[in-house]
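S.K.:
Protein chains: 4
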Amino acid sequence: MQMVIALGNLGKDPEVRYSQSGMPVANVSLACSEKWTDKQSGEQVEKTEWLNLVAFGRTAEIMGEYLKKGSKIFIQGKLQTDKYEKDGQTRYSTKVVVKSMQMLGQPSGNGNNGQKHVDRGANQQNSRSAPQPAYAGHSADSGAPDFDFDDDIPF
Amino acid sequence: MQMVIALGNLGKDPEVRYSQSGMPVANVSLACSEKWTDKQSGEQVEKTEWLNLVAFGRTAEIMGEYLKKGSKIFIQGKLQTDKYEKDGQTRYSTKVVVKSMQMLGQPSGNGNNGQKHVDRGANQQNSRSAPQPAYAGHSADSGAPDFDFDDDIPF
Amino acid sequence: MQMVIALGNLGKDPEVRYSQSGMPVANVSLACSEKWTDKQSGEQVEKTEWLNLVAFGRTAEIMGEYLKKGSKIFIQGKLQTDKYEKDGQTRYSTKVVVKSMQMLGQPSGNGNNGQKHVDRGANQQNSRSAPQPAYAGHSADSGAPDFDFDDDIPF
Amino acid sequence: MQMVIALGNLGKDPEVRYSQSGMPVANVSLACSEKWTDKQSGEQVEKTEWLNLVAFGRTAEIMGEYLKKGSKIFIQGKLQTDKYEKDGQTRYSTKVVVKSMQMLGQPSGNGNNGQKHVDRGANQQNSRSAPQPAYAGHSADSGAPDFDFDDDIPF
DNA sequence: TTTT
DNA sequence: TTTT
Numbered sequence: 001m002q003m004v005i006a007l008g009n010l011g012k013d014p015e016v017r018y019s020q021s022g023m024p025v026a027n028v029s030l031a032c033s034e035k036w037t038d039k040q041s042g043e044q045v046e047k048t049e050w051l052n053l054v055a056f057g058r059t060a061e062i063m064g065e066y067l068k069k070g071s072k073i074f075i076q077g078k079l080q081t082d083k084y085e086k087d088g089q090t091r092y093s094t095k096v097v098v099k100s101m102q103m104l105g106q107p108s109g110n111g112n113n114g115q116k117h118v119d120r121g122a123n124q125q126n127s128r129s130a131p132q133p134a135y136a137g138h139s140a141d142s143g144a145p146d147f148d149f150d151d152d153i154p155f
Numbered sequence: 156m157q158m159v160i161a162l163g164n165l166g167k168d169p170e171v172r173y174s175q176s177g178m179p180v181a182n183v184s185l186a187c188s189e190k191w192t193d194k195q196s197g198e199q200v201e202k203t204e205w206l207n208l209v210a211f212g213r214t215a216e217i218m219g220e221y222l223k224k225g226s227k228i229f230i231q232g233k234l235q236t237d238k239y240e241k242d243g244q245t246r247y248s249t250k251v252v253v254k255s256m257q258m259l260g261q262p263s264g265n266g267n268n269g270q271k272h273v274d275r276g277a278n279q280q281n282s283r284s285a286p287q288p289a290y291a292g293h294s295a296d297s298g299a300p301d302f303d304f305d306d307d308i309p310f
Numbered sequence: 311m312q313m314v315i316a317l318g319n320l321g322k323d324p325e326v327r328y329s330q331s332g333m334p335v336a337n338v339s340l341a342c343s344e345k346w347t348d349k350q351s352g353e354q355v356e357k358t359e360w361l362n363l364v365a366f367g368r369t370a371e372i373m374g375e376y377l378k379k380g381s382k383i384f385i386q387g388k389l390q391t392d393k394y395e396k397d398g399q400t401r402y403s404t405k406v407v408v409k410s411m412q413m414l415g416q417p418s419g420n421g422n423n424g425q426k427h428v429d430r431g432a433n434q435q436n437s438r439s440a441p442q443p444a445y446a447g448h449s450a451d452s453g454a455p456d457f458d459f460d461d462d463i464p465f
Numbered sequence: 466m467q468m469v470i471a472l473g474n475l476g477k478d479p480e481v482r483y484s485q486s487g488m489p490v491a492n493v494s495l496a497c498s499e500k501w502t503d504k505q506s507g508e509q510v511e512k513t514e515w516l517n518l519v520a521f522g523r524t525a526e527i528m529g530e531y532l533k534k535g536s537k538i539f540i541q542g543k544l545q546t547d548k549y550e551k552d553g554q555t556r557y558s559t560k561v562v563v564k565s566m567q568m569l570g571q572p573s574g575n576g577n578n579g580q581k582h583v584d585r586g587a588n589q590q591n592s593r594s595a596p597q598p599a600y601a602g603h604s605a606d607s608g609a610p611d612f613d614f615d616d617d618i619p620f
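Chains as they are written, first to last, in our numbering: chain A, 1 to 155; chain B, 156 to 310; chain C, 311 to 465; chain D, 466 to 620.
(1) Determine the burial state of residue 333/C: buried for a count of at least 16 other Cβ atoms within 10 Å of its Cβ, exposed for fewer.
(2) Flag residue 1/A as yes if its beta-carbon sits less than 9 angstroms from any beta-carbon of chain B, otherwise no.
(3) Are the CB atoms of residue 404/C and residue 234/B within a distance shorter than 9 angstroms?
(4) Can you tell me the Cβ-Cβ gap for residue 251/B and residue 159/B, rounded? I've got them flagged as a contact below 8 angstroms.
(5) Give a yes or no on whether the minimum CB-CB distance between residue 102/A and chain B is below 9 angstroms.
(6) What does residue 540/D touch in chain B if you count any residue whose Cβ is under 9 angstroms from its own?
(7) How many Å lie between residue 157/A and residue 100/A at the Cα?
(8) Taking the straight line between their C-alpha atoms, what separation do you get for residue 547/D and residue 521/D?
(9) Could you please give the first and the last residue of the uninterrupted beta strand (DSSP E) stretch that includes residue 8/A?
(10) When the Cα atoms are used, what is the spatial distance from residue 203/B to residue 192/B?
(11) Would you identify the three-state DSSP class for residue 178/B, choosing helix, strand or coil?
(12) Please report the straight-line C-alpha distance between residue 377/C and residue 384/C, rounded to a whole angstrom.
(13) Mind checking the segment 467–488 of chain D against chain B and listing, in chain order, the residues whose C-beta falls within less than 8 angstroms of any C-beta there?
(14) Of the residues 316/C, 394/C, 417/C, 351/C, which one's Cα is nearest the Cα of residue 344/C?
(15) Helix, strand or coil, according to DSSP, for residue 374/C in the structure here?
(16) In chain D, which residues lie less than 7 angstroms from residue 260/B when you measure between Cβ atoms?
(17) Taking DSSP as the reference, what is the three-state secondary structure of residue 367/C?
(18) Give the DSSP-derived three-state secondary structure of residue 38/A in the structure shown.
(19) For residue 64/A versus residue 106/A, is the C-beta distance shorter than 9 angstroms?
(20) According to DSSP, is residue 82/A part of a helix, a strand, or is it coil?
(21) What span of residues does the beta strand (DSSP E) with residue 254/B cover, start to end?
(22) Taking only beta-carbon atoms, is residue 254/B less than 9 angstroms away from chain D?
(23) Quick one: which residues of the segment 334–348 of chain C get their C-beta closer than 7 angstroms to a C-beta of chain B? List them in chain order.
(24) Let me know if residue 2/A comes out buried or exposed under the rule of 16 or more other beta-carbons within 10 Å of its beta-carbon.
(25) Distance cutoff 9 angstroms, beta carbons only. Does residue 290/B sit that close to anything in chain C?
(26) With a threshold of 9 angstroms between beta carbons, is residue 549/D in contact with chain A?
(27) Measuring alpha carbon to alpha carbon, tell me which residue in 342/C, 400/C, 399/C, 338/C is nearest residue 372/C.
(28) Using the beta-carbon of each residue, which ones in chain D are nearer than 7 angstroms to residue 80/A?
(29) What are the boundary residues of the beta strand (DSSP E) that includes residue 15/A?
(30) Quick one: does residue 94/A have its CB under 9 angstroms from some CB of chain D?
(31) Does the distance from the C-beta atom of residue 414/C to that of residue 53/A stay below 9 angstroms?
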């Protein structure tokens, strides 16, 4: 068992693609920063760790629709290291597969949001109408609350 | 959003009941211990915190079938504080609603395990056959992996 | 081992007191909300769980100085259930002992903040100047990075 | 803020080295497995994710002294991705920097443990006596409780 | 590449 | 009330 939790800001707009079966897949770069004062020097230090997130299904769609560069989110997920070949050499890429996401606010705004939203909306519809949601039944995730900590027991 | 993770040992055998709709409900008392050496005295200190867990559905069944006093488990869940009246006074009871559970081993054994398992098996079947699993469709949980961190995406 | 992580908003301003040894102690009530759409009714549901937080040392001070009703924070901590007698009856109170805290934004502001800050500042100085910081060297926590599950508070 | 928690078994004995300042550094490969029954096929599936852990200070020493291939541990830590050049190409390596560790049991034993322990003991003493513990005072970690997200390692 |  |  292993899990990751992270709270940070998107380094850029999410990239949403669709798998062959029509499943939405979002890739997000998340900046997780920490500040503290060094015990010896007494100076403020800041360190940022960048996490590569990948989300699927409904979570991916929500990311595409509501998140943008600078958005603050909290996520829960799992580590996944993929092995691949490049230039004849074995390489590894570590990602966080997002299991649940919670939005914590948009950046204070810099003007061209409306613009972007329009663009994205268009793109999405195109992409989605094309491969035709074979993705349906995968609603294990859809309509789900923010956290996998959900399925509320009715008694 | 809030969540609890805990790793500890059962203080006693799980108690499994069934709701009116036939849903299994398990109550578990979990001892979470910590040891450290006090910085000043240099002495070993141990502190145990007892958590009241409650689990539902398949997780509750698994607890009833596989866990016993002393079993070590790892759980993930959420805090839930219930309000109730007792002797005309308002009281609060805080529990951890278990969302996923992972077994980490049984205690080194003390003899009367077989006994217990037989007893429990019997009880369970009785209870379950009675109210007839109206509980069915609640399989959001059933057949699930140890962790909500699951539904593996097929590509 | 057990831990809690939570993200929510303060239900009211933090209460900061000082222990006999001069250690700052903050009590905070945190509303952790969750929204989801019910799978059957399709309706939006919201549920809020209130957590009682207690923080010590530098973390407590920071809470007193920077947080107010409505502030959004992320915390990490541990469960602690205290037993006490009231009206001749045993009762239990469950709190989250905060180990680390991260501020996520203030409410949009409502005017009487300056007021509050002045009050608190005054209190703090009084309390602190009185018992004389026996609390000193306890700065294991001060200047610490965001996350630290450490310094065990001796009271 | 980001953190990782993981529970798994060591793929091999820990490797403990010492930094120039005399700080112990342990590298550990952790197998985190998950089992579940596939919802469609009904078959048991198992997937293992390998995490590269690195620990410092007292935690590293404890790993070297008490862990071996097969040991089960629970850890809490943070992701850290290092960038390096190899064959003129930029590569990334993602590790989990362990902040706290809890031992959950040794493998049932296969004979050559005594051997190994002797070896390691020897190594450690040599390494440590050589560069002379400039590492000393860094005992923020030593004698610490199980959980601590703190002392930032300066290298 | 983010944010406070 | 547990365990190491």
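Backbone N, C-alpha and C fix where the C-beta goes; we use that ideal spot for every residue, glycine too.
M.R.: Looking at the atomic coordinates:
(1) buried
(2) yes
(3) yes
(4) 5 angstroms
(5) yes
(6) Within 9 angstroms Cβ-Cβ: nothing; residue 540/D doesn't reach chain B, min ~11 angstroms.
(7) Absent from the structure is residue 157/A, since the part of chain A shown begins at 1 and ends at 155.
(8) 16 angstroms
(9) 2–10
(10) 15 angstroms
(11) coil
(12) 12 angstroms
(13) 470, 472
(14) 316/C
(15) helix
(16) 570
(17) helix
(18) coil
(19) no
(20) strand
(21) 244–258
(22) no
(23) 342, 344
(24) buried
(25) Low per-residue confidence applies at residue 290/B: pLDDT is 46, beneath 50, and the placement is therefore not dependable, though the value from the model is reported in the following sentence. Closer than 9 angstroms: no.
(26) no
(27) 338/C
(28) 514
(29) 15–18
(30) yes
(31) no
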